[in-house]
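For reference, the structure is listed below as structure tokens.
There are 2 protein chains.
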Amino acid sequence: MYTLYSMQRSGNCYKVRLALTQLAIPHRAVEIDILKGESRTPDFLAMNPNGRVPVLEVGPQRYLAESNAILWFVGDGTPLAPTDRIQRAEAMQWMFFEQHSLEPNLGQAYFWLTLVKGGRELQSHAIEDWMERGYQALGVMEKHLQSHDYFVDGRYSIADIALYAYTHCAEESGFDLALFPALRAWLSRVAAQTDHVPMLALQSAQRLPA
Amino acid sequence: MYTLYSMQRSGNCYKVRLALTQLAIPHRAVEIDILKGESRTPDFLAMNPNGRVPVLEVGPQRYLAESNAILWFVGDGTPLAPTDRIQRAEAMQWMFFEQHSLEPNLGQAYFWLTLVKGGRELQSHAIEDWMERGYQALGVMEKHLQSHDYFVDGRYSIADIALYAYTHCAEESGFDLALFPALRAWLSRVAAQTDHVPMLALQSAQRLPA
Chain W
1 MYTLYSMQRS
11 GNCYKVRLAL
21 TQLAIPHRAV
31 EIDILKGESR
41 TPDFLAMNPN
51 GRVPVLEVGP
61 QRYLAESNAI
71 LWFVGDGTPL
81 APTDRIQRAE
91 AMQWMFFEQH
101 SLEPNLGQAY
111 FWLTLVKGGR
121 ELQSHAIEDW
131 MERGYQALGV
141 MEKHLQSHDY
151 FVDGRYSIAD
161 IALYAYTHCA
171 EESGFDLALF
181 PALRAWLSRV
191 AAQTDHVPML
201 ALQSAQRLPA
Chain P
1 MYTLYSMQRS
11 GNCYKVRLAL
21 TQLAIPHRAV
31 EIDILKGESR
41 TPDFLAMNPN
51 GRVPVLEVGP
61 QRYLAESNAI
71 LWFVGDGTPL
81 APTDRIQRAE
91 AMQWMFFEQH
101 SLEPNLGQAY
111 FWLTLVKGGR
121 ELQSHAIEDW
131 MERGYQALGV
141 MEKHLQSHDY
151 FVDGRYSIAD
161 IALYAYTHCA
171 EESGFDLALF
181 PALRAWLSRV
191 AAQTDHVPML
201 ALQSAQRLPA
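Respectively, the protein sequence lines represent chains W and P. For the first sequence, the positions run 1 to 210 when UniProt numbering is used. For the second sequence, the positions run 1 to 210 when UniProt numbering is used.
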């Protein structure tokens, strides 16, 4: 059985939890509180030298990091991953877009503005860039969703899971999604998928001390 | 034949050019000067709404963006991509690491500090973060390379190509690679691969007006 090291309020971790649930893959979950430094201990760094969650133990002493790599690992060969060569590349395209253009902005905004006490002051030099680039990325998604129900091949896949994670909670850190009607309709379609689980199933979002 | 829309002095574009060359895949190259706004024209945005190079035309009116997605598209099924399930996931892990933890720091530093005139002043609020996070990422790579010749399965792959692109020119934007001896040895091993081509084959790096 896989062991998933993750933090519930992390969008990157939520992706993996959602996919494992929808694929009915049994797993044991270990909560890692990154706000308490639990991803920077020697034991954790031995699993992932980059000191980030999620990490999936895929074999004895064999650990896989990076949420979207884990999505491919668990999703490939299932209905959640495309099989056509170009569609596989399109799914990867959107997942690299997510980690390069979306998550560094929406994800950092979510982390520093909703989870870390005093985060707005600590990151005041960066917020304008996050908002500007975050809106740019949301605009690229909106444009695609104006003529597509999902990101690849007209059906729900790991690409949607990757893009959903930080988009669905973007309003909590100040992004106005009313500007993106096609994107909002897609968020609803994703949330209506079979076996969908919310990010905060057991607790509501709250500010914790850093 | 594929058409590659790219800019020679972009590390992300260099990845694709290097892989296409080493795989002996015929292609036509179209130079896009992003400093002159050529990736923001209506024609270009119709190919990639995210307005970034590289873009590979993989079929009639079918365009693929995101350098690492393109590397998988051209490399999968060749000796440059692993076949084992966990090793494939490890290659993806390093490639997502590259786009999330390395390129946003080394790549932005390279762009703004070596290519854009006045870039240092325009981005003065961001440089400290790029340097701090860039060194963190280089440290993660150094740690891996202290006990591995390459990033996956002990041999050269698209993961090495992805990580090489911005690392090999990091000193131009002020990173001191003398701190990372294992990484420097890996850079030499990559440069010694059969059919390796340098990023700036036809012209030397130069500052251009924005």
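For each residue, glycine too, the CB sits at the ideal point set by N, CA and C.
Does DSSP classify residue i as helix, strand or coil?
i, result
"P/Thr-3", "strand"
"P/Arg-40", "coil"
"W/Ala-205", "Here W/Ala-205 scores only 39 on pLDDT, less than 50, and its place in the model is too uncertain to base an answer on."
"W/Val-152", "strand"
"W/Glu-132", "helix"
"P/Ala-24", "coil"
"W/Val-140", "helix"
"W/Val-190", "helix"
"W/Val-116", "strand"
"P/Met-199", "coil"
"P/Leu-80", "coil"
"P/Phe-180", "coil"
"P/Ala-69", "helix"
"W/Gln-87", "helix"
"P/Arg-17", "helix"
"P/Phe-175", "coil"
"W/His-168", "coil"
"P/Ala-126", "coil"
"W/Ser-101", "helix"
"W/Asn-12", "helix"
"W/Gln-146", "coil"
"W/Gly-75", "helix"
"P/Gly-107", "helix"
Cα separation between residue i and residue j?
i, j, result
"W/Pro-54", "P/Val-16", "29 Å"
"P/Gly-51", "W/Asp-33", "37 Å"
"W/Ala-205", "W/Arg-9", "For W/Ala-205, the pLDDT reaches just 39, beneath the cut-off of 50, and the residue's location in the model is therefore unreliable, although a value from the coordinates is still provided. The alpha-carbon atoms of W/Ala-205 and W/Arg-9 are separated by roughly 7 Å."
"W/Asp-129", "P/His-125", "10 Å"
"residue 240 of chain P", "W/Ile-158", "The structure shown has nothing for residue 240 of chain P, since chain P only spans 1 to 210."
"W/Gly-37", "P/Gln-93", "22 Å"
"W/Met-7", "W/Glu-31", "5 Å"
"W/Leu-80", "W/Asn-68", "13 Å"
"P/Ile-161", "W/Ala-65", "19 Å"
"W/Met-95", "P/Gly-134", "22 Å"
"P/Gln-146", "P/Val-140", "10 Å"
"P/Pro-49", "P/Phe-151", "32 Å"
"P/Tyr-63", "W/Glu-172", "34 Å"
"W/Tyr-156", "W/Phe-180", "19 Å"
"W/Glu-132", "P/Ser-101", "20 Å"
"residue 216 of chain P", "W/Leu-4", "The structure shown does not extend to residue 216 of chain P, since chain P spans only 1 to 210, so no value can be given for it."
"P/Leu-183", "W/Pro-104", "25 Å"
"P/Pro-209", "P/Val-116", "For P/Pro-209, the pLDDT reaches just 43, beneath the cut-off of 50, and the residue's location in the model is therefore unreliable, although a value from the coordinates is still provided. Answer to the nearest angstrom: the Cα atoms are 6 Å apart."
"P/Pro-82", "P/Leu-187", "20 Å"
"W/Leu-45", "P/Ala-46", "43 Å"
"W/His-196", "W/Thr-114", "23 Å"
"P/Gln-61", "W/Ala-185", "27 Å"
"W/Asp-153", "W/Gln-22", "19 Å"
"P/Glu-121", "W/Ala-29", "46 Å"
"W/Gly-119", "W/Leu-163", "24 Å"
"P/Ala-91", "W/Ala-91", "16 Å"
"W/His-144", "W/Gln-136", "13 Å"
"P/Leu-35", "W/Asp-84", "35 Å"
"W/Arg-88", "W/His-148", "17 Å"
"W/Ala-201", "W/Glu-142", "27 Å"
On the premise that residue j lies in contact with residue i, defined as a C-beta separation below 8 Å, what is that separation, rounded to the nearest angstrom?
i, j, result
"P/Ala-178", "P/Leu-106", "That pair is no contact at about 16 Å."
"W/Gln-123", "W/Trp-112", "5 Å"
"W/His-27", "W/Leu-18", "With a Cβ gap of about 12 Å, W/His-27 and W/Leu-18 do not count as contacting."
"W/Leu-59", "P/Ile-127", "Note on residue identity: the sequence assigns Gly, not Leu, to residue 59 of chain W. About 41 Å separates the two Cβ atoms, so there is no contact after all."
"W/Leu-138", "W/Phe-175", "7 Å"
"W/Gly-77", "W/Met-199", "The Cβ separation is near 26 Å, so there is no contact."
"W/Tyr-110", "W/Leu-56", "22 Å between Cβ atoms; not a contact."
I'd like to confirm the pairing. Which residues does DSSP put opposite residue i in its beta bridges?
i, result
"W/Tyr-63", "W/Glu-57"
"P/Glu-31", "P/Ser-6"
For residue i, would you say it is in contact with chain B, using Cβ-to-Cβ distances shorter than 8 Å as the test?
i, result
"W/Pro-60", "The structure shown contains no chain B; its protein chains are W and P."
- Item | Touch test, the stretch 184-196 of chain W against the stretch 156-169 of chain P, Cβ-Cβ under 8 Å, three pairs minimum | no
- Taking one C-beta from the stretch 72-88 of chain P and one from the stretch 38-46 of chain W each time, how about it: are there three or more such pairs within less than 8 Å? no
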